[in-house]
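Trainee: One structure follows; several queries about it will come next.
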Amino acid sequence: MDATLIAQSLLSGVLFGGVYSLMAVGLTLIFGVMRVVNFAHGDMMIWGMYLAWLLATRLGVDPYLGFVVCAGVLFVFGALIQRLLVDRIVDAPHEMQILLMLGVALVLENGALVAFGPDPQRVRSPLRAATVWLGPVFVDVARVVAFAVAMALTFALFLFLTRTDLGRTMRAAADNTYGALVIGTDVRRVYAAAFGIGAACVGAAGALVSPILPFQPTGGLSLAVTSFNIVIIGGLGSLSGAFLGGLLVSVAESLGAVFLSPSMKELVSFSLLIVILLLRPAGLFGKAVT
Amino acid sequence: MRLLALAAVAVLVVLPAVLSSYAITVFIFIFFYAYLSQAWNIVGGYAGQLSAGHAAFLGIGAYASALLSVQAGLTPWIGMFVGGALSALLGTVIGYLGFRFGLRGFYFVLLTVAFAEICRIVALNTDAVGGALGYYITFTGNPRQFQFQDNRVYYYVALGLMLAATGLVAVLERRRFGAYLAAIRQDESACEALGVNTFRYKMLAMVISSFLTGIGGTFYAFYLFSLQPNAVFGIPLSVEIIIRAIVGGAGTVLGPVLGSFILSPLAELSRTYFASGGWTGAHLIVYGGLLIAVVLFLPQGAYPYLARWLGARKGAS
């Protein structure tokens with residue numbers, strides 16, 4: 001096997017991993033704070049991509065600026081979903097929560113299908129065509145920018161959770177909802193903010209990959225499964241686990257695409273999911289989740 | 291109640307005499323999805339183990355009987371049991387892994403989804419079963435090959451499947467087995483503390499459920515004559531199966547049947563109506579909205595309301 005090829009795929013794996021991390025951090029934040037698995041995560045990402053596409057084609061906004069708008073719209077959407085739907089069943093059995101989010105996923109996926117049609121799209125960005133050669137390997141400028149922005153957003157989220165009052169309250173509510181209620185926290189507001197931020201992460205992630213990855217309405221499931229894979233590998237509810245897991249899964253996928261045929265790539269990620277579920281359901285970096 | 295059920299069955303038996311051929315097709319879908327949903331109900335409803343990968347069992351049953359019929363000349367009347375057995379084998383593997391390793395809720399859902407998706411990807415990439423192009427059965431109209439010229443025969447076969455599965459569930463519900471499953475659904479730890487072998491009963495529920503779903507695969511293959519990996523193994527099919535039981539009332543004998551009578555005509559009508567306007571995904575938006583509404587406002591499904599309404603009428607008369 002050609003060493004250059006491996007170096008090339010390692011590099012693009014790491015660069016793409018930034019976006020995976022952002023996506024997974026959003027999912028794990030929602031779960032960590034309210035113990036609800038967002039089954040619509042992948043479909044929210046698809047909507048982030050289509051929003052970036054609308055901005056680029058209708059208003060001429062480059063997705064590397066438009067991601068701010070996408071994150072904002074998804075924040076409002078996520079907070080609304082929490083307030084109107086999830087809030088009513090936070091204490092219901094997990095099965096009911098899963099079915100509810102499955103319903104949201106169906107509406108989002110098929111809403112996109114009706115609105116945008118089934119054909120794959122890709123957003124054009126001037127950055128897309130630019131590449132820089134680093135010795136024998138080349139670097140895609142679009143991927144570098146996506147990686148840098150995703151890393152910056154993830155870092156900002158960490159700062160928010162550790163340095164601000166709302167962020168600290170969020171972690172407190174995640175640790176002990178009852179305790180947070182006792183000391184007078186507006187838990188509903190914290191939940192809405194957490195769901196909104198989780199959705200904003202995936203909205204931004206969608207916009208950032210929209211020039212790199214062709215997308216279509218039915219792609220939500222596979223993105224959701226990738227996110228599930230990452231957060232379970234990282235430990236459900238663990239932010240640093242999701243961050244490291246994103247990089248790990250992305251590198252594994254891009255190496256898998258080199259050594260196996262591309263159609264087998266998905267097979268690898270589903271098999272990996274089964275193995276992790278069985279052997280290490282708490283994840284590689286997480287504590288046991290009850 | 292029993293009299294009412296008999297009367298309903300009698301109506302369904304004579305109905306084809308007056309139905310148009312399109313209406314017969316709609317009824318075939320109602321019965322067939324009620325059957326699949328009833329099979330899911332055993333493990334997903336009664337035992338409360340939310341499998342989101344039942345399409346895998348249908349797909350394996352469908353491909354097995356179709357391949358055996360076309361390649362080896364084995365009649366689907368026998369092939370359907372081979373398909374059912376293979377599906378039950380996969381059900382055993384999934385159940386063993388899921389239950390032995392104690393995967394619950396979200397983790398069990400993911401396990402079942404992962405297995406179904408692996409089946410789909412393998413079928414898509416295996417040229418011997420048609421790969422992405424799909425697998426086709428030539429129509430001969432020979433009843434020995436589970437093929438019928440007259441749509442009404444499919445109607446009666448589907449009706450028979452639905453009634454048989456519903457009868458089986460009604461019997462199971464009254465036995466100790468049904469009581470154990472309901473207890474596992476409500477509080478598995480308490481069940482274990484009382485010395486019930488929960489693993490054994492969950493496994494049994496999974497095996498019966500996957501076997502019945504696999505049998506359904508034969509009907510699917512020899513009614514539609516074409517198998518597409520994305521359609522047969524896909525998540526949307528699993529959702530179609532689950533949503534009927536949830537809307538009708540999971541963990542009740544008549545819930546899946548009721549759910550199918552509500553949703554199958556709705557799906558069929560909106561599919562024809564919306565598809566003519568080019569809105570291919572629209573009926574799934576309706577499904578999603580319904581799923582949300584049922585979870586929020588009718589978490590027990592429609593059946594308890596129907597039962598109460600029937601009971602009230604009985605009391606009044």
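Protein sequences, first through last, are from chains A and B. If you use my numbering, the first sequence corresponds to residues 1 to 290, in order. If you use my numbering, the second sequence corresponds to residues 291 to 607, in order. We put the CB at the ideal spot given by N, CA and C, even for glycine.
1. When the Cα atoms are used, what is the spatial distance from Ala3/A to Pro526/B?
2. Reducing DSSP to helix, strand and coil, say where Leu596/B ends up.
3. Is the distance from the Cβ of Val251/A to the Cβ of Val19/A below 7 Å?
4. How would you label Gly13/A, buried or exposed, when you count the other beta carbons within 10 angstroms and need 16 or more for buried?
5. DSSP three-state label for Val139/A, please.
6. Using a beta-carbon distance cut-off of less than 9 Å, what residues from the region 345 to 360 of chain B approach chain A?
7. Assuming Leu170/A and Val190/A are in contact, meaning their beta carbons sit under 8 Å apart, how far apart are those beta carbons, in whole angstroms?
8. Leaving out the 5 sequence neighbours to the left and right, which residues in its chain are closer than 6 Å to Gly538/B when beta-carbon positions are compared?
9. Below 8 Å on C-beta distance, what does Arg280/A contact in chain B?
10. Let me know the secondary structure DSSP gives Gln361/B once reduced to three states.
11. Using three-state DSSP, classify Thr290/A as helix, strand or coil.
12. Determine, for Phe270/A, whether the minimum Cβ-Cβ distance to residues of chain B falls below 7 Å.
13. Within its chain, find whatever has a CB closer than 8 Å to the CB of Ala241/A; leave out the 5 residues flanking it on each side and keep chain order.
14. I'd like to check one pair, Leu376/B with Tyr350/B: are the Cβ atoms closer than 7 Å?
15. Distance check for Phe317/B and Arg292/B, CA to CA, integer angstroms please.
16. Is it right to say Leu484/B is buried, meaning 16 or more other beta carbons lie within 10 angstroms of its own, or is it exposed?
17. Can you give me the C-alpha to C-alpha distance between Ala288/A and Glu478/B, rounded to a whole angstrom?
18. Could you pull out every unbroken alpha helix (DSSP H) segment of at least 4 residues lying fully inside the region 88 to 112 of chain A, listed in chain order?
19. Grab the span of the beta strand (DSSP E) containing Thr402/B for me, first residue to last.
20. Give the straight-line distance between the Cα atoms of Leu248/A and Gly17/A, rounded to the nearest whole angstrom.
21. Whose C-alpha, out of Leu305/B, Ala473/B, Ile408/B and Leu326/B, is nearest the C-alpha of Asn520/B?
22. Give me the chain B residues within the contact set of Val37/A, using Cβ-Cβ distance strictly less than 8 Å, ordered along the chain.
23. Please report whether the beta-carbon of Ile276/A lies at a distance below 7 Å from any beta-carbon of chain B.
24. Taking 7 Å as the threshold (beta carbon to beta carbon), is Thr290/A in contact with chain B?
25. Alpha carbon to alpha carbon, how far is Ala307/B from Arg534/B? Give it in angstroms, no decimals.
26. With a CB to CB cut of under 8 Å and the five nearest residues on each side skipped, what residues in its chain are close to Phe489/B?
27. Is the separation between the beta-carbon of Leu74/A and that of Gly111/A shorter than 7 Å?
28. Rank Val399/B, Val372/B and Thr456/B by C-alpha distance to the C-alpha of Ala354/B and give the top, closest one.
29. Taking a Cβ distance cut-off of 8 Å, strictly less, list which residues of the region 20 to 53 of chain A are near chain B, in chain order.
30. To the nearest angstrom, report how far apart Leu166/A and Phe155/A are at their CA atoms.
31. Can you list, in chain order, the residues of its chain whose CB lies under 7 Å from that of Met151/A, leaving out five sequence neighbours each side?
32. By the criterion of Cβ-Cβ separation under 8 Å, what are the contact partners of Val104/A in chain B?
33. Taking Cβ positions, are Ala207/A and Phe67/A nearer each other than 7 Å?
34. Could you check if His81/A is buried or exposed, using at least 16 other CB atoms within 10 Å of its CB as the buried criterion?
35. Using 7 Å as the threshold, is the C-beta distance between Ala345/B and Ser554/B below it?
36. With distance defined between alpha-carbon atoms, name the residue in Ser238/A, Thr131/A, Val268/A and Gly42/A nearest to Ala105/A.
Mentor: So, to answer that:
1. 42 Å
2. helix
3. no
4. buried
5. strand
6. none
7. Here the sequence assigns Met to residue 170/A, which means Leu is not the residue at that position. Right, their Cβ atoms sit about 5 Å apart.
8. Gly545, Pro546, Leu548, Gly549, Gly591, Ala592 and Tyr593
9. Here the premise fails: no neighbours, minimum Cβ distance about 11 Å.
10. helix
11. In this predicted model, Thr290/A has a pLDDT of only 38, less than 50, meaning its place in the structure is not dependable; the value taken from the coordinates is given anyway. In this structure, Thr290/A counts as coil in the three-state DSSP scheme.
12. yes
13. Correcting the residue type first, residue 241/A is Gly in the shown sequence and not Ala. Cβ within range, chain order: Thr28, Val231, Ile233, Gly234, Gly235, Gly283, Leu284, Phe285 and Gly286.
14. It should be noted that the sequence gives Ile, not Tyr, for residue 350/B. Their beta carbons are under 7 Å apart, which means Ile350/B touches Leu376/B by this criterion.
15. 22 Å
16. exposed
17. The pLDDT assigned to Ala288/A is 47, lower than 50, so where the model puts this residue is not dependable; a value taken from the coordinates is nonetheless given after this. Looking at the two C-alpha atoms, the distance is approximately 20 Å.
18. none
19. Here Thr402/B belongs to no beta strand (DSSP E); instead the alpha helix (DSSP H) covers Gly395 to Leu414.
20. 7 Å
21. Ile408/B
22. Phe396
23. no
24. At Thr290/A, the pLDDT of 38 sits below 50, so the modelled position is not reliable; the number obtained from the coordinates is stated separately. Judged by the 7 Å Cβ criterion, Thr290/A is not in contact with chain B.
25. 27 Å
26. Phe389 and Arg390
27. no
28. Val372/B
29. Val37
30. 16 Å
31. Gly18
32. Gly578 and Ile582
33. yes
34. First, the residue type needs correcting, since residue 81/A is Ile and not His in the sequence shown. With 16 or more other Cβ atoms within 10 Å, it is buried.
35. no
36. Gly42/A
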